[in-house]
Ligand code: SF4
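Protein chains in written order, with the working numbering: chain A, 1 to 363; chain B, 364 to 436.
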């Protein structure tokens, strides 16, 4: 496929690996923020081809994984309200809440449907005018503009029974929180490619300036990631910290201004609760007042009991980059993709799932 | 979850487009990239084109990769 196959070329990969090995002299720890990168790095065995000087750690960039238990409980509670159809991306179905999951709720009779796009949810709303159709708004800046567009479409087409439960989150505030906490020391950040397609690489400039950490935006093919690591290594070795783009075909410094404008038209920043990290001001998105008739949070009386965290699960530490799944006593033995204890094992992009599926060399 | 794949725009009708992804045809929304044209490759995410692939930049990156491959041959 065009723009995929060419970026998997073996000879170029060898060249980039050689270049990284030549350049890298000092120990350096790089974090890949995005769960999509974690999966690609594992799938292509990138950790294994890098020189010993370079250590890679995974970050909190998996929207399913960072959704806090009380928020999952809220979605499950909403599914129990008569007349409600919950529409959600597939990864959310199995995530365990305190007492149940959306999948279990569905088995118990709730109407929970998997969709690929908020557009599918809109369609379900049109086809079921007597029901209330709620779309579970999970995702970062990549996803939120599309969900915003779906709300505006509902307005345009006067679809009154379409609601969004917004649990959208923003990336820059969580990176700031992690760097400020100082638990994990980083020498470089692999910045998320498709978040940056929307925000532009400018979103990460504060990291280079305030924290002195090199930042490079990467695509998701092996050559993209290797080029990104090569650029980070070059910055480390020349003692620089700036924001560069190793994914120029998809990302600019400015990003997609139109998409950002739509997102900001429908949503406004609010505090959000991140699993393992806590509440970060301004790191979430909620619907603005003028769209409250599409806001599930406002329109439904959702009752949730106090939440219970999965016992022994280290997802929080894993998401902060301070522990790996191998440090978790439940990993593999009690926690598997078939019967996951925490969300990092459920999501196809979670670190625990990546370690489980591809990480046997590292164990 | 932030997965996005390259899709080729075949035709446009209002704010929707017909795209081809590895031989498969799909309808997508152009709400986020109203400037997209037929013949553009876009990054497709959850039914929406989130950005237009800069084909010139792609060629340049590939040229650089080819040079790097040459160096180590
Ligand atoms: S292996 Fe399972 S229990 Fe352990 S941290 Fe990962 S998701 Fe949680």
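All residues carry an ideal CB built from backbone N, CA and C; glycine is no exception.
Pair within 8 Å by beta-carbon distance, residue 169 of chain A and residue 283 of chain A: Yes; because the gap between Cβ atoms is below 8 Å, this pair is in contact.
Spatial neighbours of residue 205 of chain A in its chain, beta-carbon cut-off 6 Å, leaving aside the 5 residues before and after: 243
CB of residue 19 of chain A within 8 Å of CB of residue 55 of chain A, strictly: no
Residue 331 of chain A beta carbon near ligand 2 (any heavy atom closer than 7 Å): As for ligand 2, it is missing from this structure, which binds only ligand 1.
Contacting residues, own chain, Cβ-Cβ under 8 Å from residue 433 of chain B (five flanking each side not counted): Contacts found: none.
Residue 157 of chain A versus residue 125 of chain A - alpha carbon distance: 11 Å
Among A:340, A:37, A:208 and A:263, the one whose alpha carbon lies nearest that of residue 364 of chain A: Because chain A in this structure spans residues 1 to 363, residue 364 of chain A falls outside the shown range and cannot be described.
Beta-bridge partners of residue 389 of chain B, as assigned by DSSP: In DSSP, residue 389 of chain B forms a bridge with B:382.
Test: residue 6 of chain A CB closer than 8 Å to a CB of chain B: yes
Residue from A:3, A:69 and A:191 whose Cα sits closest to the Cα of residue 277 of chain A: A:69
8 Å Cβ cutoff, residue 31 of chain A in contact with chain B: Under the Cβ distance rule, residue 31 of chain A does not count among the residues neighbouring chain B, no pair being separated by less than 8 Å.
Neighbour list for residue 14 of chain A in chain B, Cβ cutoff strictly below 8 Å: 432 and 435
Contacts that residue 424 of chain B makes with chain A (C-beta to C-beta distance below 7 Å): 248 and 249
Under 8 Å from the C-beta of residue 374 of chain B: neighbouring residues of chain A: Ordered by position in chain A, no residue passes the 8 Å Cβ test against residue 374 of chain B, which lies about 18 Å from the chain.
Residue 320 of chain A classed as buried or exposed, judged by whether at least 16 other C-beta atoms fall within 10 angstroms: By the neighbour-count criterion, in which a residue is buried when 16 or more other Cβ atoms sit within 10 angstroms of its Cβ, residue 320 of chain A is buried.
Rounded separation between residue 323 of chain A and residue 252 of chain A - CA only: 33 Å
Pick from A:356, A:297, A:95 and A:309 that is closest to residue 325 of chain A, judged by C-alpha positions: A:356
C-beta contact flag for residue 85 of chain A and residue 106 of chain A at 8 Å: no
Nearest-angstrom Cβ-Cβ length linking residue 225 of chain A and residue 40 of chain A, presumed shorter than 8 Å: 6 Å
Beta-carbon contacts of residue 295 of chain A that lie in its chain and below 6 Å, excluding the five residues immediately before and after: 287
Residue span of the beta strand (DSSP E) that contains residue 55 of chain A, given as start and end: 54–61
Span of the alpha helix (DSSP H) around residue 358 of chain A: 351–358 is the extent of the alpha helix (DSSP H) around residue 358 of chain A.
Where the alpha helix (DSSP H) through residue 228 of chain A begins and ends: For residue 228 of chain A, the enclosing alpha helix (DSSP H) has its first and last residue at 222–237.
Residue environment, residue 249 of chain A, which counts as buried when at least 16 other CB atoms sit within 10 Å: buried
Spatially closest choice to residue 196 of chain A from A:293, A:144 and A:239, by CA coordinates: A:144
DSSP bridge partner residues for residue 303 of chain A (one or two, in chain order): Paired residue(s): none; residue 303 of chain A is not in a bridge.
Opening and closing residue of the alpha helix (DSSP H) in which residue 156 of chain A lies: Under the DSSP assignment, residue 156 of chain A falls in the alpha helix (DSSP H) whose first and last residues are 144–156.
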